[in-house]
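Numbering (mature numbering (1 follows the signal peptide of the UniProt record, and there is no 0)) for the sequence shown: -18 to -1, 1 to 380.
First the structure, in the form of C-alpha cells, and then the observations on it.
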Amino acid sequence: MKLLITFICIISIEIAKQHCVVSAWSQGGSTITSRGATIQHQLPTSSSLFSSTQSNDKDDITINSNNGELERLKKEEQRLSSLLDSIRQQKLAVLRSRPLSIGIVGFGRFGQFIAQSFTKYGNVVGTSRTNYTDVASEMGVKYSLTLDSFVLDEDLDVIVLATSIVSFKDTVFELVPLLEKKMQLKGAGSYPLIVDVASVKEHPRNILLDLLPEECDILCTHPMFGPDSAKNGWRGQTFVYEKTRINKVILDPDFEGQENQLDISEEHVEGMDRMERFLSIWEEEGCNMIPMACSDHDSYSANSQFITHLVGRILGIQGLKATPIDTTGFQSVLRLIETTNADSFDLFYGLYKYNRNSGYTIGRLRGALDDVVGALLQRDGVVGVFDGGNRKSDDDAK
Ligand SMILES: *[C@@H]1O[C@H](CO)[C@@H](O)[C@H](O)[C@H]1NC(C)=O
C-alpha cells in the first residue's frame, strides 16, 4: 500500500514537471512570431521557469508535509529570485537604452548598403582594405583604417563580416587574434556577437565555429537582396538567419525556442537579447524574417539562387542581344543576363565552390538539356546525338 502511494506521488510529480517543460517550450515558440515581443518575453520566460519550479516544490512540500522551516526558505528563495529577475530586467533596459555599436568588416558595395540602414538604429563603424573614409563619413559612419584599430579601439557589440565568400576565411583568421587580444585587455564580456551575411551558409558557419573563441556568439544570416534588388528599401525582402551559438551553446537550428530550456543563465539572456536587438533592425526595416538551418538554406539556394546565376552566365556567353521584335519573355531573359552578370564573378564562383549542392545542380542542368533536345530528336525520328552545327548550316543554306 505504502509503495503504491509513493508510486502515485512520483507519477504526479513527473506529470507536473512535464507540464512545466511544455509551457516553457511553447513560450519559447513566441520568439518566431514576433521579434519585438520576444525581447519583452525573454525574462518572463525565465521567470515562468522559476515559478514552475516553485509549483513543483509545493507538491514536494505537501508530500513531506508540515516542514515550517523549509516553507520559510522556499518563500525567501522565491522572493530573492523575483528580485533577481527584476534587477536583470532593469539591467537589460539600461543596455537597450544604449544604441548598439555595429562594426562592419568589408566596406564594399554590400557593406555600404547595410551600413546606410544600420545608422538609423545604432553607431556604425566600418573597415576595409580600401580607404573608404569619405564614403563612410557621408553616411554618418565612422571609419577605421585598420582591422587592429577597428577591434581594439572601438567597443563593438556586433561585428558583421561583409567580405566576399572567397576571402571570408582569411578575414576570420585575421580577426581572431585581435579579438583575443581585446579580451585580455577588457575581459571576456568584450567579445562581440559575430554575424556573417554570405550567400552560402554552411561554409561560413563551419569556419566561425572552428576558428572563433567559443565565448563569441554567432549569428549566420543571408539577406537575399542587395543594393540593386532592394534599392527602394528592404520592405518585403527575405532575410534568412540561423542563431548558431549563444553563450558557448550551439543551438539546434531546427527548433527555435529550445534555448530557454538549455540555459537561462544571465550570460545567455544577455547574449540572446543582443542577438534579438540586432535581428530587430531587419525586422523594423520590413524584412520577411525566415529562421532556417544553414544546411537547408544551401540546398534550397543551389536550386534557386545558384541556378539563376548559372543560367544567366550561360545565356550571357551565348551573346544574346535585344532585337527590334523582343517578346516580353525575351525581355525577361535579357534582364536575367543583365542582373546576374552585374554581380562579381567572385560571387558566382563562391556560390559554386562553397555550396556542396552546386555541382549536383550543374549536372542536373546538363542532363535536362540532353533530355529536352532528346525529346525534339525523338519527334523527328532521329536516333543519336544532336548535331547543332550541321543543322544550322542547313538552315543558313535555305
Ligand atoms: C584616407 O582618406 C582620407 C579622406 O580622403 C584622407 O584624409 C586620409 O589621409 C586617407 N588615409 C590614408 C592612410 O590614406
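We put the CB at the ideal spot given by N, CA and C, even for glycine.
Quick caveat: nothing in here was measured; it's all calculated off a predicted structure.
Within a Cβ cutoff of 8 Å, which residues of the same chain sit near residue i, ignoring the five residues on either side of it in sequence?
| i | result |
| --- | --- |
| residue 403 | This structure cannot speak to residue 403, because the chain is shown only from -18 to 380. |
| residue 429 | In the structure displayed, the chain extends from -18 to 380; residue 429 sits before or after that span and is not available. |
| residue 337 | 182, 184, 185, 280, 283, 284 and 288 |
| residue 134 | 160, 163, 164 and 167 |
| residue 308 | 316 |
| residue 341 | 334 |
Quick one: is the Cβ of residue i within less than 6 Å of any heavy atom of ligand 1?
| i | result |
| --- | --- |
| residue 234 | no |
Relative to the alpha-carbon of residue i, which residue among the options has its alpha-carbon at the smallest distance?
| i | options | result |
| --- | --- | --- |
| residue 89 | 117, 356 and 280 | 117 |
| residue 131 | 68, 161 and 154 | 161 |
| residue 193 | 169, 150 and 179 | 150 |
| residue 84 | 260, 147 and 188 | 260 |
| residue 326 | 345, 208 and 223 | 208 |
| residue 97 | 154, 80 and 123 | 123 |
| residue 86 | 356, 220, 267 and 154 | 154 |
| residue 147 | 167, 172 and 180 | 180 |
| residue 291 | 95, 211, 330 and 311 | 330 |
| residue 196 | 158, 311 and 210 | 158 |
| residue 190 | 293, 156 and 166 | 156 |
Quick one: residues in its chain with C-beta nearer than 6 Å to the C-beta of residue i, no 5 flanking neighbours on either side, listed in chain order?
| i | result |
| --- | --- |
| residue 178 | 143, 186 and 202 |
| residue 22 | With a pLDDT of only 39 at residue 22, under the threshold of 50, the placement of this residue in the model should not be trusted, and no figure is reported. |
| residue 276 | 183, 184, 187, 202 and 224 |
| residue 361 | none |
| residue 363 | none |
Rounded to the nearest angstrom, how far is the Cβ of residue i from that of residue j, given a contact under 8 Å?
| i | j | result |
| --- | --- | --- |
| residue 287 | residue 333 | 7 Å |
| residue 229 | residue 250 | 4 Å |
| residue 218 | residue 270 | 6 Å |
| residue 408 | residue 107 | No information on residue 408 is available, as it lies outside the stretch -18 to 380 that the chain covers here. |
| residue 101 | residue 121 | 6 Å |
| residue 63 | residue 267 | In fact, because the Cβ distance is near 37 Å, the residues do not count as touching under 8 Å. |
Can you list, in chain order, the residues of its chain whose CB lies under 7 Å from that of residue i, leaving out five sequence neighbours each side?
| i | result |
| --- | --- |
| residue 222 | 203, 204, 206, 272, 274 and 279 |
| residue 339 | 280, 281 and 284 |
| residue 257 | 175, 199, 201, 225 and 228 |
| residue 113 | 127 |
| residue 212 | 219 |
query = Listed in chain order, which residues are found with a beta carbon closer than 6 Å to a heavy atom of ligand 1?
reply = Checking every Cβ against the heavy atoms of ligand 1 under 6 Å gives 113, 115, 116 and 127.
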